[in-house]
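Heads up, the thing below is written out as structure tokens.
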Amino acid sequence: MPEDAGEPMLKLQAWLADYWVIGAGFMAASLMAAAPVVSLPLPVFLIFLHSPFYMVHQVEEHTGDRFRKFANEHVFSGRDALTVASVLVINLPFVWGVNLLALYAAFLWGPAWGLVAPYVMIVNALAHLVTSARLGKYNPGLVTSVILFLPLSVVTIWMIGLTAGLVPQLIGAALAILLHLAIIAVMAARYRSLVATS
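Right, dumping it as structure tokens:
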């Protein structure tokens, strides 16, 4: 009997779900260990730092699948609105991909082209802070949002903004906000679907 066509994808998803956070921790450590010998102009180097800093944040946020469980319990009334697959897609191709593309864009065309990275970071940090204030409790990822995300993103935006001008800042901010709104829209649609079928 032929193997179900979807089974390999499910196996890959299960494997990634088990190991991606560990991988993020090792990659963050490797990138930070290499940072002292990375020869880049300071504004581009700050864009480079967004990847390992984000990976450290992901370790705090997703170890033991705790952010997904927290969001489903406290934000989506116990429903599985944030799925394992969604967590993987958001964090691997989107977060890592955006940071990598921002780094290459900043390196090839100038630091202003990488501003989406600090804006994604600062929007994420603000989301953690607002959630914590609204619920009156810690949420997974809050600590690194405060001690890593806010300082790095603010310094990067300020340093690049000295020469970039307003338009690149607005484009970077708009892209970061649109990315987060798209994620929220997908989760909200799934939540409404779950409510409608319960």
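When we follow our numbering, the leftmost residue of the sequence shown carries the number 4, and every step to the right adds one. We put the beta carbon where it would ideally sit given N, CA and C, even for glycine. Because the structure is a prediction, the values reported are computed rather than measured.
Assigned exposure category for residue i - 16 Cβ within 10 Å defines buried
| i | result |
| --- | --- |
| Phe29 | exposed |
| Pro114 | buried |
| Leu3 | The structure shown has nothing for residue 3, since the chain only spans 4 to 201. |
| Leu155 | buried |
| Thr1 | The shown model of the chain, from 4 to 201, leaves out residue 1, and the question about it has no answer. |
| Val123 | buried |
| Pro96 | exposed |
| Arg71 | buried |
| Trp116 | buried |
| Leu85 | buried |
| Val133 | exposed |
| Ala108 | buried |
| Ala179 | buried |
| Val98 | buried |
| Ala136 | exposed |
| Val40 | exposed |
| Gly175 | buried |
Rounded C-alpha distance that separates residue i from residue j
| i | j | result |
| --- | --- | --- |
| Ala177 | His53 | 18 Å |
| Tyr208 | Leu181 | The question about residue 208 has no answer here: the residues shown for the chain are numbered 4 through 201. |
| Glu76 | Leu197 | 14 Å |
| Ala167 | Phe48 | 16 Å |
| Ala120 | Arg82 | 31 Å |
| Ala20 | Met162 | 36 Å |
| Gln172 | Leu165 | 11 Å |
| Leu45 | Ala36 | 17 Å |
| His131 | Val149 | 9 Å |
| Gly67 | Ala128 | 21 Å |
| Met12 | Leu169 | 43 Å |
| Ala17 | Ile25 | 14 Å |
Integer-rounded CB distance, given that residue j should sit under 8 Å from residue i
| i | j | result |
| --- | --- | --- |
| Glu245 | Thr147 | Here the chain has residues from 4 to 201 only, and residue 245 is not among them. |
| Val126 | His183 | 5 Å |
| Leu106 | Phe51 | 6 Å |
| Ser42 | Met190 | 41 Å between Cβ atoms; not a contact. |
| Ile160 | Leu118 | 7 Å |
| Ile93 | Ile186 | 6 Å |
| Arg195 | Pro143 | 24 Å between Cβ atoms; not a contact. |
Minimum Cβ-Cβ distance from residue i to chain D less than 7 Å
| i | result |
| --- | --- |
| Leu118 | Chain labels in this structure do not include chain D; a single protein chain is all it has. |
task = Assess, as a yes-or-no matter, whether the region 25 to 39 is touched by the region 47 to 65 under the definition of 3 or more beta carbon pairs within less than 8 Å.
result = Enough Cβ pairs lie closer than 8 Å, so yes.
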